[in-house]
Amino acid sequence: MAVKTPLAIVAMALFPLLGYAENTTPPWVKSAIFYQIYPPSYQDSNGDGIGDIQGVIQRLDYIKSLGVNTLWFNPLFKSEFKDGGYDITDFYQVDPRYGSNSDLVQLIEEAHKRGLRICLDLVAGHTSDKSAWFQEASKGHDRRYSDYYIWPDRIPDDVKGKEKDQIGGVIGEDSFVKSTAPRASYYIKNYYDAQPALNYGYANPNPKNAWEQAVDAPGPMAVRRELENIMAFWMDKGIDGFRVDMASSIVKNDPDKKATIGVWQDISNWYHTHYPDAVLISEWSNPKESSSAGFNIDFMMHTGKYNFNSLFVNRVGGEFAPVVSYFAKDGKGELKTWYKLYSEQYNATKGNSLITLPTGNHDIQRLNAGDRDSVEQLKVAMTFFLTMPGAPFIYYGDEIGMRFQTGLWNKEGSQGKSTKNRAGARTPMQWDDSKNAGFSTTDYWNLYLPIDKNPQRPNVAKEEKDPRSLLNYTRNLLKLRASSSALSAEGDWELVSNINRPYPMVYLRSSGNERYLIALNPSDRPVSASINNLKINQATRVVGDEAQGTLSTQAAQPEVNVAPISALVFKLE
Ligand code: GLC
Ligand code: CA
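Taken in order, the sequence shown gives residues -21 to -1, 1 to 552; the numbers are from mature numbering (1 follows the signal peptide of the UniProt record, and there is no 0).
Here it is as structure tokens:
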């Protein structure tokens, strides 16, 4: 996109709260396919059992071969690792366990050589309690970093007994952490006690609570500028954007998000003006709101009201609640819940920002979990993820069908109070049949997390050789997507099957004259759907074979029959 005109900037200043935001999404983002890497688990290059940057560099050719073009890394910065790296002590330094700042610059260069872009994780909302800023702030009210944090002297009565809403930024009694520091009796945290919240102010500060500052008070304004410094520091090293952690919660007690959107408009306006070719991705789970805040992509996955839980959360031995999901083989799921949430967001953000429905991430169970454990089931799910509009995100290992591991211990805060054990989604990448699946040369007990013990566990080397593997299936889908504007991020999407008869799910993607029909049946029984108002002259099968289903175009209403656990894609003329 072009640099903003002064007029656009004036418009943004005049209409900040009306949901107006200029479309700041650079063209490359519209064909971006993301691959998320959890750094300690991808590839260990020096035999200490922990993945590192040099390890990733060794694997760039593999990553390129998938057909993805953008990488997102969970935090690589100096950390105490009380929350898997989301408790940062120094935002300007790579943590030594991953390498050095020079290693990261080398990674950026090596990635760019291959046409791969790099996004980092921006933990905007909090630091580690061991960070120099927090240490300094704790000493008194007149230090450089004193007002980077929030320092209550008491817990107000109206907060007692109330539970905090982490993602929403609404303060509860459990947001107050007792402090012995000279500064004050308490500080406000976001997630763990070791993660003091940075002070972006309160939406409506209560004058009785002196610690509740306005969003434009000097402390909160200094924090905004510091965040921009961090962004500039890494942008100037050549990265292509950020995924912003818990972006929706930085302003406290702001349920309607007006103040939070306003603060982000200020920051994102600065960002898009200085880095017009960079992407800004939010963990917000409300694309309507995040797009007016200036984000280009938002997740719709497990958190908040706008989630995809009715599609994917699956039964897993006690670790995740047993719920009915659409992509489970018992075929008891429904589409209405998700359809309503998704289409509301899709219609509101179309042409402006992109929604992502990721295959997984470091906070939720993997796709291969519970009884969703066969290659064919995973192919059906993968077909969904890679034929929907928006920006696809593939979580490392999902392309080979790595299994969610149950029964693991709490690793670096993986077992949260409100979250289930996330360690199961963070185990080492499985490369080949050599020691530790090719992840590390260390001894078993030094590994960051254990490797799937199943002798049948999938790995890259095995799947490379098998034309019917999930890996090659994923590659083919990405090739197909890259070749088509209908299947791309901004191609139109329309559910054409009857919402009250959820299996199969049939949708149309189109752009100009180009049309694709996708039919998915995750259930273990054969199903069919007739489609109203769809004129088909000719249909060419591009995914799936005769045994997986048929599309008959002879009758007045086309009918699609889908075999158990099958996915079909047809190009329509
Ligand atoms: C985000 C991260 C999660 C982390 C939390 C607190 O939700 O994805 O891993 O624990 O923020 O920083
Ligand atoms: Ca290492």
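Built from N, CA and C at the ideal position, the CB exists for glycine as well.
Under the Cβ criterion (8 Å, minimum of three pairs), the region 12 to 29 counts as touching the region 41 to 59.
Per the coordinates, the alpha-carbon of S79 lies some 41 Å from the alpha-carbon of P184.
Note on E473: under 16 other CB atoms within 10 angstroms of its CB, so exposed under the neighbour-count rule. Here Q356 is not bridged, per DSSP, to any residue. For G220, the pairing in a beta bridge is given by DSSP as C98 and V258. For E89, the enclosing alpha helix (DSSP H) starts and ends at N80 to K92.
Annotation: S158 is outside any alpha helix (DSSP H) and is labelled neither H nor E by DSSP. Contact between A508 and V539 is confirmed by a C-beta separation of about 6 Å, below the 8 Å threshold. Taking C-beta atoms under 8 Å as the contact rule, E355 and L45 fail to qualify, at a distance of about 20 Å. In this model, E552 and T252 are separated by some 43 Å (Cα to Cα).
Only residues of its own chain outside the window of five on either side were considered, and among them G151 and E152 have a CB closer than 6 Å to the CB of K141, listed in chain order. In chain order, the residues with a C-beta atom nearer than 5 Å to some heavy atom of ligand 2 are D23, N25, D27, I29 and D31.
Around the Cβ of W190, a 10 Å sphere holds 16 or more other Cβ atoms; the residue is buried.
For T519, the pairing in a beta bridge is given by DSSP as K550. Put simply, the backbone Cα of F60 is about 49 Å away from that of R520. Boundaries of the beta strand (DSSP E) around Y166: Y165 to I167. Considering only Q536, A116 and A498, the residue with the shortest C-alpha distance to S125 is A116. Residue environment analysis places H120 among the exposed positions, since fewer than 16 neighbouring C-beta atoms fall within 10 angstroms of its C-beta. Put simply, the backbone Cα of E469 is about 41 Å away from that of G28.
Nearest to N208 by C-alpha distance, out of A534, L177, D219 and I246, is I246. Annotated three-state conformation of R133 is coil, per DSSP. Boundaries of the beta strand (DSSP E) harbouring F13: F13 to I16, taken from the DSSP string.
Distance from the CA atom of A182 to the CA atom of V242, rounded to whole angstroms, is 10 Å. Leaving aside the five residues that flank Q22 on each side, the residues in its chain whose CB is nearer than 7 Å to its CB run, in chain order, G30, G34, V35, Q37, R38, M408 and F418. Less than 8 Å separates the beta-carbon of D233 from that of G148.
Here DSSP, grouped into helix, strand and coil, assigns R203 to helix. Shown here, G528 sits in a strand according to DSSP, grouped into three states. No Cβ-Cβ contact shorter than 8 Å links K315 with V303. Beyond the five residues adjoining it in sequence on each side, F287 comes within less than 7 Å, by CB distance, of M279, M280, W317 and L336 in the same chain, given in chain order.
Burial is judged here by how many other beta carbons sit within 10 angstroms of a residue's own beta carbon; Q536 has fewer than 16 and is exposed. Between F274 and S289, the C-beta gap is not smaller than 8 Å, which leaves the two residues out of contact. Per the Cβ contact rule, the region 172 to 180 is in contact with the region 104 to 113 (3 or more Cβ pairs under 8 Å).
Cα atoms of N451 and D445: separation of roughly 8 Å, rounded to the nearest angstrom. Two segments are said to touch when three or more pairs of C-beta atoms, one from each, lie closer than 8 Å; by this definition the region 428 to 443 touches the region 409 to 416.
Membership of E115 in the alpha helix (DSSP H) is indicated by the continuous run A111 to S117.
Runs of the beta strand (DSSP E) lying entirely within the region 354 to 415 and spanning at least 3 residues, in chain order: 372 to 374.
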